[in-house]
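K.L.:
Reminder that position 16 of the sequence shown reads as 15 in numbering that gives the first Met the number 0, one-by-one numbering, no gaps.
For each residue, glycine too, the CB sits at the ideal point set by N, CA and C.
All values derive from a computational prediction rather than experimental measurement.
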Amino acid sequence: MPVIAVIGAGPGLGLSIARRFGREGFQVALVSRTQDKLDALAAQLAEEGIEAAGFAADVTRPDSLQSALAAVADRFGAVDVLEYSPADPTFTGAAAVDATAQDLHKQLDYYLYGAVAAVRQVLPAMLERGSGTLLFSTGASSVRPFGGAFGSIGVAAAALRNYAMALGIDLAEHGVHTAHVAIGVFIGSGPGTEPETIAEHYWDAYTKRDQAEIVHTVPGGIW
0 MPVIAVIGAG PGLGLSIARR FGREGFQVAL VSRTQDKLDA LAAQLAEEGI EAAGFAADVT
60 RPDSLQSALA AVADRFGAVD VLEYSPADPT FTGAAAVDAT AQDLHKQLDY YLYGAVAAVR
120 QVLPAMLERG SGTLLFSTGA SSVRPFGGAF GSIGVAAAAL RNYAMALGID LAEHGVHTAH
180 VAIGVFIGSG PGTEPETIAE HYWDAYTKRD QAEIVHTVPG GIW
């Protein structure tokens with residue numbers, strides 16, 4: 000059975016992505032910081048007939064993230080799809096006019112360096128077998144700069160977007176598809192913003208393999 004690792008798994012978009020792939024026969028590895036919450040999500044998926052397990056890790060600690068992904072491979076086998084979308088509503092940013100190097104470093108640890116650590120862990124096996132998919136999520140500020148607290152967040156999110164798309168260029172001839180999903184809505188805020196609706200983009204990215212970037216927005220959304 001194929002395996003998807005959802006990094007930043009939570010009860011919203013992460014769960015919807017896990018459910019979408021799980022319905023298609025994927026085994027699901029859920030990765031975030033809190034084991035109890037992961038176990039609850041895995042139990043919910045199990046009730047739906049989806050094989051899932053949680054693996055606690057902190058994306059700001061590359062060693063813990065790589066150890067978790069190694070444990071995923073031990074449990075399920077090599078990861079076929081890596082989806083990276085850490086989200087923490089308490090993790091606030093700083094306006095560009097006020098941002099210090101430390102502010103930016105915190106955001107880069109969270110968005111970019113965690114993604115790099117995850118890719119470094121799963122990519123060798125993908126390259127060896129000549130197949131795999133890497134999916135990355137950001138908000139609107141990765142594509143369109145915003146002011147206020149989005150200043151430092153946008154810098155890091157744009158760096159993740161650039162990394163994802165550069166990976167796609169380098170990996171295209173090796174059988175590994177990379178896609179970036181920019182979410183230009185507040186998830187769950189109205190029609191067209193439901194997590195299960197947005198999750199369809201990830202399944203399309205995996206199955207169609209024809210877009211390096213997908214932007215999700217609705218009339219009256221963030222942009």
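For Gly113, which residues of its own chain have a beta-carbon under 8 Å away from its beta-carbon, when the five flanking residues on both sides are left out?
P.N.:
Once the five neighbours on either side are set aside, the close Cβ partners of Gly113 are Ile6, Val58, Thr59, Pro61, Leu64, Tyr83, Pro85.
K.L.:
Taking just the CA atoms, how far does Ala156 sit from Thr192?
P.N.:
Each residue's Cα considered, the two are about 20 Å apart.
K.L.:
Based on the DSSP secondary-structure assignment, which residues constitute the bridge partners of Gly53?
P.N.:
Partner(s): Leu29.
K.L.:
Measure the beta-carbon distance from Leu170 to Ala117 and round it to whole angstroms, keeping in mind my assumption that it falls under 8 Å.
P.N.:
The Cβ separation is near 15 Å, so there is no contact.
K.L.:
Grab the span of the alpha helix (DSSP H) containing Val121 for me, first residue to last.
P.N.:
Looking at the DSSP string, the run of the alpha helix (DSSP H) that includes Val121 is 113-128.
K.L.:
Return the residue from the list Arg208, Ala94, Ser66 that minimises the CA-CA distance to Phe145.
P.N.:
Phe145 has its Cα closest to that of Ala94, out of Arg208, Ala94, Ser66.
K.L.:
Give the secondary structure of Ser136 by DSSP, where H, G and I count as helix, E and B as strand, and everything else as coil.
P.N.:
Three-state DSSP puts Ser136 in a strand.
K.L.:
Within the continuous beta strand (DSSP E) that includes Tyr83, where are the two ends?
P.N.:
Its beta strand (DSSP E) spans residues 80-83.
K.L.:
How big is the Cα-Cα spacing for Ala42 and Lys36?
P.N.:
In a straight line, the C-alpha of Ala42 is about 10 Å away from that of Lys36.
K.L.:
Checking contacts by CB at 8 Å: is Tyr110 closer than that to chain D?
P.N.:
Note that chain D does not occur in the displayed structure, where there is just one protein chain.
K.L.:
Are three or more beta carbon pairs between the region 92-107 and the region 70-78 nearer than 8 Å?
P.N.:
Because the criterion of three Cβ pairs below 8 Å is not met, the region 92-107 and the region 70-78 do not touch.
K.L.:
Alpha carbon to alpha carbon, what distance is there between Arg160 and Asp108?
P.N.:
Computed Cα separation, rounded: 14 Å.
K.L.:
Looking at the structure shown, is Thr206 part of a helix, part of a strand, or coil, going by DSSP?
P.N.:
Of the three classes helix, strand and coil, the one that applies to Thr206 here is helix, per DSSP.
K.L.:
Nearest by alpha-carbon distance to Val27: which of Phe75, Gly150, Trp202 is it?
P.N.:
Out of Phe75, Gly150, Trp202, Phe75 has the C-alpha closest to the C-alpha of Val27.
K.L.:
Excluding the 5 residues preceding and the 5 following Ser136 in the sequence, name in chain order all residues of the same chain whose CB lies nearer than 6 Å to its CB.
P.N.:
Excluding positions up to five away in sequence, the list reads Ser84, Val180.
K.L.:
Whose CA, out of Pro10, Tyr205, Leu29, Thr33, lies closest to the CA of Leu133?
P.N.:
Out of Pro10, Tyr205, Leu29, Thr33, Tyr205 has the C-alpha closest to the C-alpha of Leu133.
K.L.:
Could you give the residue range of the beta strand (DSSP E) that holds Val5?
P.N.:
That run of the beta strand (DSSP E) goes 2-6.
K.L.:
DSSP on Val184, reduced to helix/strand/coil?
P.N.:
Three-state DSSP puts Val184 in coil, outside helix and strand.
K.L.:
Going by DSSP, which residues form a beta bridge with Thr196?
P.N.:
Thr196 is not bridged to any residue.
K.L.:
Starting from the C-beta of Ile186, find all residues in its chain whose C-beta is less than 7 Å away, skip the five residues before and the five after it, and write them out in chain order.
P.N.:
Correct list, in chain order: Gly11, Leu12, Thr192, Pro194, Ile197.
K.L.:
Kindly identify the DSSP beta-bridge partner or partners of Ala214.
P.N.:
The sequence given here places Val at residue 214; Ala does not occur at that position. Looking at the DSSP assignment, Val214 forms a beta bridge with Ala181.
K.L.:
Excluding the 5 residues flanking Gln210 on each side, which residues of the same chain have their C-beta closer than 7 Å to its C-beta?
P.N.:
The residues are Ala178, Ala204.
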